[in-house]
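**Student:** Here the sequence shown stands for residues -3 to 146, numbered as in this note's numbering.
Even glycine gets a Cβ: it sits at the ideal position worked out from N, Cα and C.
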Amino acid sequence: MDRFRVVPAAYLYLTRGHEVLLQQRCGTGYLDGYWVAGAAGHIELRETAAGCAVREASEELGVMVREADLTPLTVMQRTDGTDDPQEQRVDWFFSASVWSGEPRVLEPAKCAGIAWHRLDDLPAMVPDYEREVLRSLAARAPLSLSTHGF
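1. What runs of the beta strand (DSSP E), each 3 residues or longer, lie entirely inside the stretch -2 to 32?
2. Could you compute how far the alpha carbon of V2 sits from the alpha carbon of R12?
3. From which residue to which residue does the alpha helix (DSSP H) around E128 run?
4. From what residue to what residue does the beta strand (DSSP E) around E83 run?
5. Take C22 as the anchor and find which of A5, M121, V86 and L139 has the nearest alpha-carbon.
6. What is the DSSP secondary structure of L41, reduced to helix, strand or coil?
7. Going by Cα to Cα distance, which pick from L141, Y26 and A5 is closest to A49?
8. DSSP on A46, reduced to helix/strand/coil?
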């Protein structure tokens, strides 16, 4: 039996009041057209999940977030939900309501745009696994540990 691989990633939701900043994916072949976390990416070798969230905020949105200003939301283990998944993912989700700089699109080949959305009125095209996290954020009830696709 082949072992599956685990792909680690970190997600960051910038929040202001009851709004969250989301980006619309494009040009990647994965979830293009969907609204997703404002900043997210794979955790690099020797990088912590929090460090990844801070790095992605800078690279994708041009904002500076301190690790001390991150609020952990959940760690999610997920698959694609098929009977024979080829991989599992472990995603660390954070929010931040404090940052410096004005969010802007720095990777236009991957991001069609960014926009603030009310947590109680999200776009229809949000991936189910992120919608779960955003619901818990709106309810101010972090999930701690969660799963999706099993």
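**Tutor:** Looking at the atomic coordinates:
1. 1 to 12 and 15 to 21
2. 32 Å
3. D124 to A134
4. E83 to A92
5. M121
6. coil
7. Comparing C-alpha distances from A49 to each of L141, Y26 and A5 shows the shortest one belongs to A5.
8. helix
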